[in-house]
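Quick note, the sequences are listed as chains V and D, same order. So the first sequence is numbered by full-length UniProt numbering: it starts at 1 and just counts up by one. So the second sequence is numbered by full-length UniProt numbering: it starts at 1 and just counts up by one. No residue lacks a Cβ here, since even glycine has one placed at the ideal position from N, Cα and C. Note that the structure is a prediction, hence the values are computed from the model and not measured. Single-structure report; data block below.
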Amino acid sequence: MTMRVSRRNLIKLGAAATMAGFVPTRFAIGNTAKVKVGLLLPYSGTYAGLGEAISNGFRMALAETGGKLGGREVEIISLDDESNPGKAPENTNRLAVGDKVDFIVGAVHSGVAMGMLKVVRDTGTITVIPNAGANAATGPLCAPNVFRTSFSSWQACFPMGKVAVDRGLKKVATITWKYAGGDEMVGGFVENFTKNGGTVVEQIQVPFPTEEFQAYLTQIAALRPDGVFAFFAGSGALKFVKDYAAAGLGSIPLMGPGFLTDGVLAGQGAAAEGVLTTLHYADALDTAENRTFRAAYKSGFGKEADVYAVQGYDAGQVLIHGMAAVNGDTTARSALIAAMETARINSPRGPFTFSKAHNPIQDIYLRQVRNGQEVVLGVAHAALADPAKGCKMT
Amino acid sequence: MSVWFILIQVLNGIQYGLLLFLVASGLTLIFGLMGIINLAHGSFYMLGAYLAYWLTGATGSFALAIVLAIPLAAVVGLVLEAGLLRTLYRRSHLDQVLLTYGLILIFNEGQRLLWGGDVHSVAIPELLTGSVRLTETLSYPVYRLWVSLVCLALAGAMYLVIQRTRFGMLIRAGACDRDMVAALGIDVKLLFAAVFAAGTVLAAVSGAIAAPLSSVGPGMGDTVLILCFVVVVIGGVGNIKGTFFGALLIGLADTFGKVLIPDLASFMVYAVMAAVLLWKPRGLFA
Numbered sequence: 001m002t003m004r005v006s007r008r009n010l011i012k013l014g015a016a017a018t019m020a021g022f023v024p025t026r027f028a029i030g031n032t033a034k035v036k037v038g039l040l041l042p043y044s045g046t047y048a049g050l051g052e053a054i055s056n057g058f059r060m061a062l063a064e065t066g067g068k069l070g071g072r073e074v075e076i077i078s079l080d081d082e083s084n085p086g087k088a089p090e091n092t093n094r095l096a097v098g099d100k101v102d103f104i105v106g107a108v109h110s111g112v113a114m115g116m117l118k119v120v121r122d123t124g125t126i127t128v129i130p131n132a133g134a135n136a137a138t139g140p141l142c143a144p145n146v147f148r149t150s151f152s153s154w155q156a157c158f159p160m161g162k163v164a165v166d167r168g169l170k171k172v173a174t175i176t177w178k179y180a181g182g183d184e185m186v187g188g189f190v191e192n193f194t195k196n197g198g199t200v201v202e203q204i205q206v207p208f209p210t211e212e213f214q215a216y217l218t219q220i221a222a223l224r225p226d227g228v229f230a231f232f233a234g235s236g237a238l239k240f241v242k243d244y245a246a247a248g249l250g251s252i253p254l255m256g257p258g259f260l261t262d263g264v265l266a267g268q269g270a271a272a273e274g275v276l277t278t279l280h281y282a283d284a285l286d287t288a289e290n291r292t293f294r295a296a297y298k299s300g301f302g303k304e305a306d307v308y309a310v311q312g313y314d315a316g317q318v319l320i321h322g323m324a325a326v327n328g329d330t331t332a333r334s335a336l337i338a339a340m341e342t343a344r345i346n347s348p349r350g351p352f353t354f355s356k357a358h359n360p361i362q363d364i365y366l367r368q369v370r371n372g373q374e375v376v377l378g379v380a381h382a383a384l385a386d387p388a389k390g391c392k393m394t
Numbered sequence: 001m002s003v004w005f006i007l008i009q010v011l012n013g014i015q016y017g018l019l020l021f022l023v024a025s026g027l028t029l030i031f032g033l034m035g036i037i038n039l040a041h042g043s044f045y046m047l048g049a050y051l052a053y054w055l056t057g058a059t060g061s062f063a064l065a066i067v068l069a070i071p072l073a074a075v076v077g078l079v080l081e082a083g084l085l086r087t088l089y090r091r092s093h094l095d096q097v098l099l100t101y102g103l104i105l106i107f108n109e110g111q112r113l114l115w116g117g118d119v120h121s122v123a124i125p126e127l128l129t130g131s132v133r134l135t136e137t138l139s140y141p142v143y144r145l146w147v148s149l150v151c152l153a154l155a156g157a158m159y160l161v162i163q164r165t166r167f168g169m170l171i172r173a174g175a176c177d178r179d180m181v182a183a184l185g186i187d188v189k190l191l192f193a194a195v196f197a198a199g200t201v202l203a204a205v206s207g208a209i210a211a212p213l214s215s216v217g218p219g220m221g222d223t224v225l226i227l228c229f230v231v232v233v234i235g236g237v238g239n240i241k242g243t244f245f246g247a248l249l250i251g252l253a254d255t256f257g258k259v260l261i262p263d264l265a266s267f268m269v270y271a272v273m274a275a276v277l278l279w280k281p282r283g284l285f286a
C-alpha cells in the first residue's frame, strides 16, 4: 500500500522526527551518564576489614554484569565513615548532596546507619544497608528508599531462644556489651527463650568496648547456669571465647549470634570448640551458589569470603535487579523501588525476598564449631521475618 | 556472695592492675622525667602486640619473639626521639600533643598497611598453657599468674634502677633541672634518648606479654592509652611507686565496679580518679 504524502503531513512527520531526535528516550539517557554509587563504609579502625569485604563483594556483583547497572557505566565513590556516628550525617550529605550519588551502600556500624538514615530519609537517596543490624532501620525508621541485605539484630538471635530450650538449657545467663546493638541481640534471644519456658538468671552488661572479662567470668562461674548466651564481635569476640575457655567454663555451653565466631575462629582456636551460633549465613553452607561464590571471591581477592562479603555482594545484586527493570533510568523512581522490593535475590546464603519493611526474609542457620571448623547443623528458623515493630511506610 | 567469690575477684583486680602498671610505667617514665606528653604510648603497646604476633609466627617461639621485639622497639623509640621529639623539648605541651597525636594516626595506618584489618591472636606458650582449678566451675589460667609475676619483677627492677643506680640518679636529676645536669658535663641528649627508648620498650614489652591474653587488632592501643593516663595521674607524674599503687587501685575499682554496680561500671575508674585528685591533687604519694 502506497501512502500519499500531503505537504501538511510531510511537515508533521518532519517535526515528529525532529522531536524524536531531541527528546531522549529513557534508554538514551542511560547510555550517556554514569550511575554514581556511594560506598559509606569503614576503611580504617576496628571495622576496616568489614568495610573491605563488603566493598569487594559489591564490586564482584557488579563485575558479573560487566561493571554496569541497567546498561550504564558505574562510578563508585568510596568514603571512609571511620565508624564514627557523629560524622555520619555530614558524610552522608557529602555523598547524597555533594556528589549527588544515585545510590548509597552503607553502613557497617549501627550508630553510623542511624546518622545516615536521618539524611537519606530526607534526600530520598536509594540506600542499601549491607551490615548494620539496628532493628530501627527496618522498624520505626523504615523508609521506601531504604533496603537492608544483612539482618536485624533481633533476627540473628531470636531462633537461638528455642534452640537453647530444645537442648535442655533451662537457666541461661546472658552477657554482652552495654550498647543498643547488644541490647537488641540479647533481646531477640530472651524473647524466644522465655516464650518457650526458659529462665534468664542474669543479664550481664559489659561497658563498651571493654575487653577485660575476668570479673564477669567469675560471676558466671558462681551463677552456674545451664548455658550462656553471649554477643561480642571482632576482637571482643575473639577474646571473650578464649577467656571463657581459659576460665574453665567449657562445661557450660556457650551460644550466641554467628558474630561470636565468624572471622575470628582461627584466632580462637581450640577455645571455640562446641560454641553454638545462629546466623543467616555460614561459610560452610553446602550449596552450589555458595561454592561458586566462594571460589570466585577467593580467586578475585585472594582470601576467603565471609558473611560481610555476602552482604556486600547481595547489595550489588539488589541494585543490579532494580536497575535492569528500569533500563538504567534512575528517574523512574517508583518503578525502581518496586523492582527492588519484589526482587528475589539468589544469595550465596540461599534465596531471600524483602519484607514490607525491606529487611530480608531469610533462613537462619544453626552452626557449631567442631574440630576447629564451623559446621552447619541445620536451619534453626526457616524464612524468618523481622517483626518490623513501629514501621510505617509512607 | 561467698568469701571465695570476693577473694577471686580481688585476685582478678590485682592481676588486671599489675598489667595496667606495666603498660603505664613507660608512660610515667617519659611523661614524668622528660616532661613529654606522649599520646603515642598506646601505639607502642600496639606495636609490641603486633611484633609478638608477627615474630611468633615467623620464629615459632613466643619467648624469642619477645627477645627480638625489645631491640626493634628500642630502635623505633630512638628514631622517633632523635628525628621528631628532640626538637620539641623546649616547646609547649600543646605542640607535643599535636605531634604525638599525629604519630597515633601514622601508627594506625602503618599497622593497617603491614598487617591488615583482621583480628589475630597469639597462642600461649606451651609451658604456661595450664590452669589452676579454683572452684568447681572456675579455673585460673597459669599464663595470667605468670604475667602478674613478670609485672611484679619489672616493677621491682624499675624501682631499684631509678632509686638506687647512678643512671637512675641522672634521670631524676635531669627531670629536675636539665640545664644544671648538662652544665655538670652529662650528655643530656643521650640521657633523654635512652629514657625515651626505655619507655617505648616498656610499652612494647607489655603489649607483647599481654598479646596472648588479648586480641591483636586495629585500634587496640587507643583504649589502653586512656587507662594509662588515668593511672599516671592517680599515681603522680613520674612516680613509679605511685603508678604501681595507682594501677592496683584502678584494677580493683574496675573489677568491683563491674561486679557490684554494673550500671556505673564504665564510670567507676574515672570516679576513683576524681576522688584521688580531690584528696591528693599531685598524686597518691606526693
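Rounded to whole angstroms, what's the CA-CA distance from residue i to residue j? Just pull it up for me.
i, j, result
"R294(V)", "H321(V)", "21 Å"
"P387(V)", "V79(D)", "58 Å"
"R121(V)", "N359(V)", "16 Å"
"F259(V)", "M160(V)", "13 Å"
"Y308(V)", "K36(V)", "22 Å"
"P125(D)", "T46(V)", "27 Å"
"V190(V)", "E374(V)", "24 Å"
"L120(D)", "V264(V)", "For the record, residue 120(D) in the displayed sequence is His; it is not Leu. So the two alpha carbons sit approximately 7 Å from each other."
"V67(D)", "D81(V)", "38 Å"
"R148(V)", "G378(V)", "24 Å"
"S206(D)", "Y45(D)", "7 Å"
"G38(V)", "K118(V)", "16 Å"
"A197(D)", "P262(D)", "39 Å"
"G199(D)", "Y270(D)", "25 Å"
"V76(D)", "I126(V)", "48 Å"
"Y216(V)", "G316(V)", "41 Å"
"R107(D)", "W146(D)", "Here the sequence assigns Phe to residue 107(D), which means Arg is not the residue at that position. So the alpha carbons of these two residues sit roughly 29 Å apart."
Name the DSSP bridge partner or partners of residue i?
i, result
"V228(V)", "A173(V) and L254(V)"
"I77(V)", "G38(V)"
"E374(V)", "V369(V)"
"Q205(V)", "T176(V)"
"N346(V)", "P351(V)"
"T277(V)", "G256(V) and R367(V)"
Quick one: list the residues of chain D neighbouring residue i, beta-carbon separation under 7 Å, in chain order.
i, result
"K239(V)", "S214 and S215"
"V264(V)", "V119"
"A246(V)", "S131 and P141"
Taking 9 Å as the cut-off, decide whether the C-beta atoms of residue i and residue j are in contact.
i, j, result
"L103(D)", "A40(D)", "yes"
"L18(D)", "A247(D)", "yes"
"I104(V)", "M116(V)", "yes"
"I171(D)", "L33(D)", "yes"
"D363(V)", "A338(V)", "no"
"M273(D)", "V237(D)", "no"
"G236(V)", "S2(D)", "no"
"S139(D)", "Q15(D)", "no"
"V128(V)", "S83(V)", "no"
"A157(D)", "L22(D)", "no"
"R133(D)", "A246(V)", "no"
"S25(D)", "I240(D)", "yes"
"M268(D)", "A253(D)", "yes"
So, helix, strand or coil for residue i, using DSSP?
i, result
"P159(V)", "helix"
"I250(D)", "helix"
"H41(D)", "helix"
"T18(V)", "Residue placement at T18(V) is poorly supported in this model, since its pLDDT is 47, which falls under 50; the coordinates are not used for a value here."
"R91(D)", "coil"
"F58(V)", "helix"
"M3(V)", "With a pLDDT of only 45 at M3(V), under the threshold of 50, the placement of this residue in the model should not be trusted, and no figure is reported."
"K280(D)", "coil"
"F245(D)", "helix"
"A136(V)", "helix"
Taking residue i as the query, report the chain V residues whose CB atoms sit under 7 Å from its CB, ordered along the chain.
i, result
"P218(D)", "G45, T46 and A48"
"S266(D)", "P207"
Quick one: which chain V residues come within Cβ less than 9 Å of residue i?
i, result
"G116(D)", "A48, G49 and E52"
"residue 287(D)", "Outside the shown range of chain D, which is 1 to 286, sits residue 287(D), and nothing can be said about it."
"T56(D)", "Result: empty, since nearest Cβ-Cβ is about 13 Å, beyond 9 Å."
Determine the chain D residues that contact residue i at a beta-carbon separation under 9 Å, and present them in chain order.
i, result
"A222(V)", "M1, S2, W4, F5, I8, T135, T137 and L138"
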